[in-house]
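First comes the structure, then the notes that go with it.
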């Protein structure tokens with residue numbers, strides 16, 4: 001009986017737990033977060049609740065917080081002190097002047113430290129501007145041109161960056177005291193240096209000076225309220241403070257709220273969501289929770305609840321603090337820390353203050369209060385403020401004319417102003433076309449010989465470096481516009497190939513091509529890779545094909561055929577498999593050379609129109625006779641020979657009676673010319689003819705010759721011969 005009673009109690013307890021959890025999940029999905037929170041809180045008192053069972057509550061809280069963030073953005077809340085939209089040399093992750101700028105393959109630039117932290121926090125690097133993920137094995141170097149520009153234009157800020165990196169090195173080597181000293185020195189001059197505040201907070205946390213660490217990171221959150229990594233740092237500091245202060249510390253709830261905001265700011269990061277779930281699960285456990293506290297946490301998240309009279313009394317004491325925290329993630333710590341020290345209520349704060357020494361007292365006097373983010377602007381911010389008061393500057397930073405040196409932005413390959421600048425993984429910058437042409441020859445950086453095998457040499461996956469292009473457009477406008485105009489003119493010339501009789505036609509010197517017949521090509525020479533890229537990018541998708549000339553004074557024959565590009569298969573090693581088809585015939589008027597490949601001014605060949613009735617009748621007879629002769633010749637070939645020809649140039653075209661309506665004459669005639677085993681010289685003569693009658697007579701004579709040769713061959717091979 002006793003065992004039965006125990007089993008019944010266990011069964012009833014399980015039913016109660018399941019009922020409460022189902023109720024909590026249902027209420028969470030309906031958006032009734034206060035009631036859901038109460039149901040979950042009661043469930044935790046009844047029995048053990050797995051983390052997976054609070055997912056509905058987590059999802060609902062995150063959805064609510066994301067909606068709240070959207071509302072903040074619409075109302076203009078939470079925008080950083082420095083607006084990145086108008087500042088070229090500002091990192092969009094930390095909103096600071098670039099610190100060791102690194103350009104990703106998508107063309108966007110960020111601080112190296114920001115990218116390292118991003119990878120450590122999320123396990124990957126995702127561009128916050130375009131959403132593209134960076135390859136894990138991609139190792140980028142510092143962008144040398146941007147770094148040199150910062151050093152030249154902002155020498156004092158650059159020196160601060162050097163000092164910051166020294167402090168960061170101390171921090172990475174676990175020398176927290178030296179790191180604190182280094183960062184404090186910088187903050188004494190620039191009290192709102194975001195990186196220094198974050199890193200000094202990390203250093204102070206290592207030395208267990210929790211309140212000072214919290215003070216720094218809260219100021220950093222005030223400067224960058226929409227930075228998920230900064231809010232995550234704050235959550236970590238609060239968690240350490242709570243662990244130090246014990247179970248009754250309100251910082252447990254503050255840490256959970258910070259993780260909630262952090263997860264909402266970075267919805268794609270599983271780490272933030274996982275840690276928020278774990279912290280919320282811990283907070284709901286009987287060790288921490290009571291009904292008033294759980295509801296208070298929910299109110300702090302921003303939900304609209306109707307409080308009971310008892311809850312109102314509790315709200316009056318600490319609710320205001322939580323609401324302030326939830327709306328911005330900040331609070332003014334200068335007054336709060338002092339009041340706690342004076343009343344003796346916070347032993348952690350006392351110990352932290354005693355450990356800080358006179359250095360922090362002097363720093364506080366110089367920087368006044370950490371809660372005021374506008375009292376001590378940095379040198380860079382002061383330059384921006386000067387600009388906003390009326391200096392004539394376009395992109396948010398004031399550059400003296402003497403500092404805008406054209407030579408600094410010169411391509412090291414073409415010695416012109418950079419155009420469509422591409423930054424390689426080794427940190428060097430070149431014009432896009434200059435780099436593409438280099439990769440046609442060797443897959444390495446022209447400056448340092450670093451292997452650049454991350455680029456697809458067929459269709460180079462290069463994105464323009466946004467920061468450098470903005471500098472060129474805004475500060476070298478006339479020169480850049482001239483470069484752009486020249487580029488557009490060259491593209492327009494290529495695009496007019498086949499339309500404008502005066503355009504320079506790119507010439508591929510290789511084989512004899514004829515109209516209306518496929519001509520597959522395998523392109524591997526660097527000069528023809530360049531020619532093919534230009535033909536495709538310009539939109540013309542055609543070029544001339546000529547055979548080499550017997551005349552030593554001419555590089556190619558006087559007659560040729562335009563090839564229309566049907567498809568291109570770019571291979572990773574730079575080679576291309578190109579499917580083309582013959583188009584218009586031309587006669588070369590003059591020859592030229594462009595970037596290694598041949599060009600020509602041409603005149604288009606048009607067939608003479610036949611108007612005499614007898615000639616028209618003769619034309620139709622020759623058309624039928626020639627097509628029948630072709631069928632006879634082809635049928636007497638072996639099946640292997642037939643298959644080889646059809647694989648190369650396709651099947652025999654059908655006979656058409658409207659011969660004069662066909663451009664360049666009947667299709668079968670050109671098919672025969674491509675299939676006949678003749679030397680190029682007689683084929684060129686036929687290609688250059690403008691009389692359909694002459695061309696048909698010549699083709700028929702060659703077909704009859706081939707038939708006679710076939711007949712002799714068959715007689716020789718027959719047994720009776």
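Numbering (the UniProt record's numbering), first residue to last: 1 to 721. From the three backbone atoms N, C-alpha and C, an ideal C-beta is built for every residue, glycine too.
Assuming the contact rule is C-beta atoms closer than 8 Å, residue i and residue j should be a hit. Round their C-beta distance to whole Å, please.
| i | j | result |
| --- | --- | --- |
| residue 727 | residue 427 | This structure does not reach residue 727, given that the chain is present from 1 up to 721, and the question cannot be answered. |
| residue 483 | residue 417 | 6 Å |
| residue 505 | residue 600 | 5 Å |
| residue 449 | residue 524 | Going by Cβ atoms, the distance from residue 449 to residue 524 rounds to 23 Å, so no, they are not a contact pair. |
| residue 637 | residue 425 | That belief does not hold up - the Cβ atoms of residue 637 and residue 425 are roughly 56 Å apart, past 8 Å. |
| residue 21 | residue 43 | 5 Å |
| residue 271 | residue 59 | Not a contact, Cβ separation roughly 17 Å. |
| residue 602 | residue 532 | Rounded, the Cβ-Cβ distance is 19 Å, inconsistent with contact. |
| residue 28 | residue 56 | 4 Å |
| residue 421 | residue 473 | Actually they do not touch by this definition, with Cβ atoms about 11 Å apart. |
| residue 415 | residue 431 | The pair is not a contact, with the Cβ atoms about 10 Å apart (cut-off 8 Å). |
| residue 160 | residue 190 | 7 Å |
| residue 88 | residue 471 | 6 Å |
| residue 260 | residue 65 | 6 Å |
| residue 62 | residue 264 | 6 Å |
| residue 606 | residue 690 | 7 Å |
Residue i and residue j: beta carbons closer than 9 Å?
| i | j | result |
| --- | --- | --- |
| residue 168 | residue 176 | no |
| residue 554 | residue 591 | yes |
| residue 522 | residue 688 | no |
| residue 262 | residue 228 | yes |
| residue 196 | residue 230 | no |
| residue 442 | residue 595 | no |
| residue 95 | residue 194 | yes |
| residue 45 | residue 286 | yes |
| residue 730 | residue 164 | Lying outside 1 to 721, the shown extent of the chain, residue 730 is not represented and no answer is given. |
Could you compute how far the alpha carbon of residue i sits from the alpha carbon of residue j?
| i | j | result |
| --- | --- | --- |
| residue 708 | residue 631 | 15 Å |
| residue 518 | residue 534 | 21 Å |
| residue 201 | residue 211 | 10 Å |
| residue 677 | residue 136 | 55 Å |
| residue 701 | residue 621 | 15 Å |
| residue 563 | residue 671 | 15 Å |
| residue 558 | residue 589 | 8 Å |
| residue 475 | residue 404 | 7 Å |
| residue 704 | residue 640 | 22 Å |
| residue 692 | residue 655 | 15 Å |
| residue 543 | residue 681 | 22 Å |
| residue 568 | residue 530 | 14 Å |
| residue 185 | residue 34 | 47 Å |
| residue 556 | residue 604 | 17 Å |
| residue 158 | residue 115 | 19 Å |
| residue 19 | residue 41 | 13 Å |
So is residue i buried or exposed if we call it buried at 16+ other beta carbons inside 10 Å?
| i | result |
| --- | --- |
| residue 497 | buried |
| residue 685 | exposed |
| residue 406 | exposed |
| residue 502 | exposed |
| residue 516 | buried |
| residue 665 | buried |
| residue 219 | buried |
| residue 539 | exposed |
| residue 102 | buried |
| residue 646 | exposed |
| residue 216 | buried |
| residue 225 | buried |
| residue 125 | buried |
| residue 446 | buried |
Closest by CA to residue i, which one among the options?
| i | options | result |
| --- | --- | --- |
| residue 148 | 100, 133, 135 | 100 |
| residue 520 | 566, 216, 475 | 566 |
| residue 204 | 228, 234, 190, 189 | 234 |
| residue 268 | 599, 106, 118, 602 | 118 |
| residue 634 | 668, 434, 271, 698 | 668 |
| residue 50 | 469, 605, 612, 278 | 278 |
| residue 623 | 652, 657, 608, 609 | 657 |
| residue 545 | 512, 572, 552 | 512 |
| residue 105 | 429, 191, 16, 280 | 429 |
| residue 207 | 187, 237, 223 | 237 |
| residue 255 | 265, 241, 593 | 241 |
| residue 629 | 66, 649, 697, 434 | 697 |
If you measure from the beta carbon of residue i to each beta carbon in chain D, is any gap under 9 Å?
| i | result |
| --- | --- |
| residue 550 | Any reference to chain D falls outside this structure, which holds one protein chain only. |
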